[in-house]
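Quick note: the sequence shown uses my numbering, first residue 5, plus one each step.
Cβ atoms here follow ideal geometry from the backbone N, Cα and C, with glycine treated the same way.
Quick notes on the structure that follows.
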Amino acid sequence: MRYTIHLIIAAIALVATSCGPSGEEVNVYSGRHYRTDEALFAEFTQQTGIRVNLIKANSDQLINRLQMEGERSPADLIITADAGRLILAREMGLLQPFESQKIKEIVPSHYRDDQDFWTGFTKRARVIVYHKERVNPSELDSYEQLADPKWNGRILVRSSQNHYNQTLMASILAALGTDSATQWGHKLVANMAQTPRGNDRDQVKAIAAGVGDIAIVNTYYIGLLVNSSNAEEREVAAQVGIHFPNQNGRGTHVNISGVGIAANARNYENANKLIEFLLENRAQSLFAEENFEYPVNPNIEWPALLNDWGTFKADTLPLHKLGQHLHQAMVIFNTVGWE
Ligand code: FE
């Protein structure tokens, strides 16, 4: 009850302070936590006169909040760091389709919903990171090969509560089916260097600390470590290499950070405009240069670090198709004891 009152007060505060120079506004619920995003929202306001009111929380909290607020919700856009949460939000009736030819022209169809309820605006490759001295990259191959006993006690990966791992498991399920994906999960858990703990960055640090030799992580975390203001983090990054799995098969699993328009959006036009803005060259380049994410627009030039990692074959199974596997992915995590 106290939570509900808190939400109502927050909603009133949001609306009361929300008139931009033009009186236009757009209310954004975001599960991302990057300076780039706030800088871009400020640029958007400068260009259009539309004020951006930002509320940040994790994706699950934002989805719960949208659901509780219902028709009273001030939210126009929801931004998440994972396709799975947008699929879920759509299933819960919390989104409505965008209307923009431009979005469809820029974003490859496998990185957006088949009925326009959401679109990716950056891509994140979930790769295998390895210790350069303890592992020869020629020993690495696919996600499937992580089940090999040679990795016993050497694999680091975060908890199955993490959305990146849930969407990855959904992609494994889509590729292998339930039985093989379950077997894979069993063997992967058996090969773990420790019980899952920490975030992606912590897995890389655990490689450097000698806890394990390889880790499943998103590439941009390596970019953040390479460019860290902390010398120890740069030292961690210097010890590891990046392997893109499944290059001889379906390709590396690529998730998105994406956005959808809230079902009860009051500023629908402005919401559309902000999505388009996030897909323009300026924003796409900034996501790559500062966050080391991959631009979803295939025509954007990559910064040097991303080029150093190299081009790779990505799994192009449309992400919206992973929705049908997300529940089963959770069942597998439970079955195999991936904490
Ligand atoms: Fe992340």
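- In this structure, DSSP gives N62 a state outside helix and strand, which the three-state scheme calls coil.
- When only Cα atoms are considered, I59 and T126 end up about 20 Å apart.
- Within the same chain, and ignoring the five residues on either side of G88 in sequence, the residues whose Cβ sits closer than 6 Å to its Cβ are H167, Q170, T171, L330.
- Annotation for A85 indicates a beta carbon within 7 Å of some heavy atom of the ligand FE.
- When C-alpha distances from V161 are compared across A194, L180, D204, S146, the shortest belongs to D204.
- Not one heavy atom of the ligand FE lies closer than 7 Å to the C-beta of N169.
- Under the rule that a run must span 4 or more residues, the alpha helix (DSSP H) segments found entirely inside the segment 39–112 read 39–52, 63–73, 87–95, 105–110.
- Assigned with DSSP and collapsed to three states, Y147 falls in coil, not helix or strand.
- In this structure, A174 sits away from Y298, with a CB-CB distance that is not shorter than 8 Å.
- Per DSSP, the unbroken beta strand (DSSP E) holding R128 starts and ends at 123–135.
- In this structure, the ligand FE has no non-hydrogen atom nearer than 7 Å to the beta-carbon of N276.
- The beta carbon of I176 is closer than 7 Å to those of Y147, A185, W188 in its chain, skipping five residues each way along the sequence.
- Distance from the CA atom of V244 to the CA atom of A213, rounded to whole angstroms, is 12 Å.
- Rounded to whole angstroms, the Cβ separation of I132 and L92 is 27 Å, and the two are not in contact under 8 Å.
- At least one heavy atom of the ligand FE lies less than 7 Å from the C-beta of N222.
- L326 sits in a helix when the DSSP states are folded into three classes.
- The segment 98–106 makes contact with the segment 277–295; the number of CB pairs closer than 8 Å reaches 3 or more.
- Where Y33 is concerned, there is no enclosing alpha helix (DSSP H), although the beta strand (DSSP E) around it starts and stops at 29–34.
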